[in-house]
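Report on the structure given below.
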Amino acid sequence: MPATFSTAIAGWYEASHRDLPWRADGYPAWGILISEFMLQQTPVARVIPRLAEWLERWPTPAALAAVPPGEAVRAWGRLGYPRRALALHAAASAISAAYDNVVPRDVDALLALPGVGPYTARAVAAFAYGVRVPVVDINARRVLARALEGRGEPGPAQTRRELPLMESLLPADPARARLVNAGTMELGQTVCIPRAPRCDICPIGGLCAWRAAGYPAYEGRPAPKQKKYEGSDRQVRGMILNELRAADTAIPTDAIAALWPDAVQLERALTGLLRDGLVTGDAERGYELPAA
Ligand code: SF4
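Residue numbers (this note's numbering): 7 to 298.
Written as structure tokens, this is what we have:
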């Protein structure tokens, strides 16, 4: 079964995958690292133009490390979750200082970089360097849960169980393993989608345990739901950052105070931004993006 599954996924991926910039031959490891940071919480269509801008402006880790972190936060724009921009800047500094400006290929070295978690480390090793390691994102987890385990939903992540499962599907040849990793994720993103999976065109439709069982209802623990954005502290943080991105100098406190009617929530959001290092300043000097 694993070999049949892998052959079907790899063949389908080779014939049908979307033509995304970071999949092009020779795409730099640095670009793949940036793309993985951006794609963590942001849809592909919004990442593509921003990634191109970043690579043009900062073609190497050293180029990004040479500008203040506030420039990374400014250039992050509205991709959301802007702590990723600060972490990427810190990772660029580490790569330029400790790895001679070359993104490392070893999973443990990648894991030691700021902002790089287990998924990103494995994805960069596998897709930038062809290292044979299992890569499991939410889309791959859904495919594995349905096709191999007969469950309609993956539920909360269980890395210790899911990584060996993915590993068991990878062919020995690293190039083929790369296709299976990428193909499983692509299948979950485009065919085995959360609500209406397109089983009629699925390359593993004849192997799928969930389909064969008649799509039984999922009875396990649900995955945690994302909180509503409207009215949240995230929205207020985003408004403050947008104001600071558009400014060349510090923004006075009363201009910040005018951004949101709930003073307690505004204060909480601003305190959080200061604590996270995304904003610097105080009530007297005003507030701005971090310069150093
Ligand atoms: S047959 Fe349907 S449920 Fe099973 S893996 Fe394919 S798309 Fe997903």
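We put the beta carbon where it would ideally sit given N, CA and C, even for glycine.
For this session: Would you mind reading off the limits of the alpha helix (DSSP H) that contains Gly37?
Result: Position 31 of the sequence shown holds residue 37. Start and end: Ala35 to Leu45.
Exercise. Between Ala153 and Phe43, which are expected to be in contact by the criterion C-beta below 8 angstroms, what is the C-beta distance as a whole number of angstroms?
Worked result: Along the sequence shown, one-based indexing puts residue 153 at 147. Along the sequence shown, one-based indexing puts residue 43 at 37. In fact, because the Cβ distance is near 29 angstroms, the residues do not count as touching under 8 angstroms.
For this session: Whole angstroms is fine: what's the gap from Arg80's alpha carbon to Thr196's?
Result: If you number the sequence shown from 1, residue 80 lands on position 74. If you number the sequence shown from 1, residue 196 lands on position 190. Taking the straight line joining both Cα atoms gives about 32 angstroms.
Exercise. For the beta strand (DSSP E) that Thr286 lies in, which residues bound it at each end?
Worked result: Translated into the one-based positions of the sequence shown, residue 286 becomes position 280. Its beta strand (DSSP E) spans residues Thr286 to Asp288.
Problem set entry | Whether Leu272 touches Leu284 by CB criterion (9 angstroms) | Along the sequence shown, read from residue 1 onward, the residue named residue 272 stands at position 266. Along the sequence shown, read from residue 1 onward, the residue named residue 284 stands at position 278. No. Outside cutoff.
Exercise. By a C-beta neighbour count over all protein chains shown, 10 Å radius and 16 as the cutoff for buried, is Thr277 buried or exposed?
Worked result: As a working note, residue 277 is residue 271 in the sequence shown. With fewer than 16 Cβ atoms within 10 Å of its Cβ, Thr277 is classed as exposed.
Problem set entry | 7 angstroms Cβ shell around Arg243 - same chain, five flanking residues per side excluded | Here residue 243 is taken as the residue at index 237 of the sequence shown, counted from 1. Closer than 7 angstroms at the Cβ level, and outside the excluded window around Arg243, lie Ala275, Gly278 and Leu279.
For this session: Identify every run of the alpha helix (DSSP H) within the stretch 113-184, keeping only runs that are complete inside it and at least 4 residues long; order them along the chain.
Result: 113-117, 124-135, 144-149 and 165-175
Problem set entry | Nearest to Arg157 (by Cα), restricted to the options Leu116, Ala218, Asp206 and Asp143 | By one-based count along the sequence shown, residue 157 stands at place 151. It is Ala218.
Problem set entry | Own chain residues within Cβ distance below 8 angstroms of Tyr235, not counting five before or after | Looking up residue 235 in the sequence shown gives position 229. Excluding residues within five positions, the ones whose Cβ falls inside 8 angstroms are Gln241.
For this session: Throw me the rounded Cβ distance for the Ser102 and Ala68 pair, which I believe falls under 8 angstroms.
Result: Position 96 of the sequence shown holds residue 102. Position 62 of the sequence shown holds residue 68. Contact holds; Cβ gap of about 4 angstroms.
For this session: Have a look at the DSSP bridge pairing and note the partners of Tyr293.
Result: As a first step, residue 293 is located in the sequence shown; it is residue number 287 there, counting from the start. BP columns for Tyr293 point to Ile257 and Gly287.
Exercise. Quick one: does Leu117 have its CB under 9 angstroms from some CB of chain B?
Worked result: Of the protein chains in this structure there is only one, and it is not chain B.
For this session: Could you tell me whether the stretch 180-189 touches the stretch 10-24, using the rule of 3 or more Cβ pairs below 8 angstroms?
Result: yes
Exercise. Hey, out of Cys205, Thr286, Arg167 and Ala181, whose CA is closest to Ala16's CA?
Worked result: Along the sequence shown, one-based indexing puts residue 16 at 10. The residue with the shortest Cα to Cα distance from Ala16 is Ala181.
Exercise. For Ala153, is the beta carbon positioned less than 8 angstroms from some heavy atom of the ligand SF4?
Worked result: Here residue 153 is taken as the residue at index 147 of the sequence shown, counted from 1. Yes, the ligand SF4 has a heavy atom inside 8 angstroms of this Cβ.
Exercise. Start and end of the alpha helix (DSSP H) containing Ile246?
Worked result: The count along the sequence shown starts at 1 and reaches residue 246 at position 240. Asp239 to Arg251 is the span of the alpha helix (DSSP H), which, as asked, contains Ile246.
Exercise. Taking 8 angstroms as the line, does the beta carbon of Ile210 fall inside it for any heavy atom of the ligand SF4?
Worked result: To locate residue 210, count along the sequence shown from 1; it is residue 204. Yes - the ligand SF4 has a heavy atom lying nearer than 8 angstroms to the Cβ of Ile210.
Problem set entry | Whole-angstrom distance between Val113 and Tyr105, CA atom to CA atom | Within the sequence shown, the letter at position 99 stands for residue 105. Within the sequence shown, the letter at position 107 stands for residue 113. C-alpha separation (whole angstroms): 14 angstroms.
Exercise. For Asn286, is the classification buried or exposed, using 16 other Cβ atoms within 10 angstroms of its Cβ as the cut-off for buried?
Worked result: Position 280 of the sequence shown, counted from the start, is the residue given in the question as residue 286. The residue asked about is misnamed: residue 286 is Thr in this sequence, not Asn. Thr286 comes out buried.
Exercise. For Leu85, which three-state DSSP category applies?
Worked result: As a working mapping, residue 85 is identified with position 79 in the sequence shown. In the structure shown, Leu85 sits in coil (DSSP, three-state: anything other than H, G, I, E or B).
Exercise. Considering only residues of the same chain and omitting the five flanking positions on each side of Glu159, which have a CB-CB separation below 6 angstroms?
Worked result: As a first step, residue 159 must be located in the sequence shown, where it is residue number 153. The answer, listed in chain order, is Tyr224.
Exercise. Should Pro267 be labelled buried (16 or more other beta-carbon atoms within 10 Å of its own) or exposed?
Worked result: As a first step, residue 267 must be located in the sequence shown, where it is residue number 261. Pro267 is exposed by the Cβ-count criterion.
Problem set entry | Given Gly161 as reference, the closest of Gly226, Val270 and Pro124 once Cα atoms are compared | Residue mapping note: residue 161 aligns to position 155 of the sequence shown, counting from 1. Of Gly226, Val270 and Pro124, the residue nearest in Cα terms is Gly226.
Exercise. Using DSSP with H/G/I as helix, E/B as strand and the rest coil, what is Asp74?
Worked result: As a first step, residue 74 must be located in the sequence shown, where it is residue number 68. The amino acid at residue 74 is misidentified as Asp; the sequence shows Pro. Three-state result, Pro74: coil.
For this session: Confirm the yes/no value for this check: CB of Pro27, any heavy atom of the ligand SF4, distance under 8 angstroms.
Result: Counting from one through the sequence shown, the residue named residue 27 turns up at place 21. Checking the Cβ of Pro27 against the ligand SF4 gives no.
Problem set entry | Start and end residues, alpha helix (DSSP H) containing Leu265 | Walking along the sequence shown from the start, residue 265 turns up at place 259. It is not in any alpha helix (DSSP H) - Leu265 carries neither H nor E in the DSSP assignment.
Problem set entry | Three-state secondary structure assigned by DSSP to Gly32 | Stepping through the sequence shown from its first residue, residue 32 is reached at position 26. Of the three classes helix, strand and coil, the one that applies to Gly32 here is coil, per DSSP.
For this session: Would you mind working out which of Ala229, Arg201, Ala35 and Pro120 sits nearest Gln164, comparing C-alpha positions?
Result: On the sequence shown, residue 164 is found 158 positions in, with the first residue counted as 1. Comparing Cα positions, the closest option is Ala229.
Exercise. At what residues does the alpha helix (DSSP H) containing Thr13 begin and finish?
Worked result: Taking the first residue of the sequence shown as 1, we reach residue 13 at position 7. Run containing Thr13: Pro8 to Ser22, per the alpha helix (DSSP H) assignment.
Exercise. For Arg157, is the beta carbon positioned less than 8 angstroms from some heavy atom of the ligand HEM?
Worked result: Questions concerning the ligand HEM fall outside what the structure shown contains, since the ligands it does hold are the ligand SF4.
Exercise. If Gly121 sits next to Ala93, beta carbons under 8 angstroms apart, how far is it from one beta carbon to the other, in whole angstroms?
Worked result: Working through the sequence shown from its first residue, we reach residue 121 at position 115. Working through the sequence shown from its first residue, we reach residue 93 at position 87. About 3 angstroms; that satisfies the 8 angstroms criterion.
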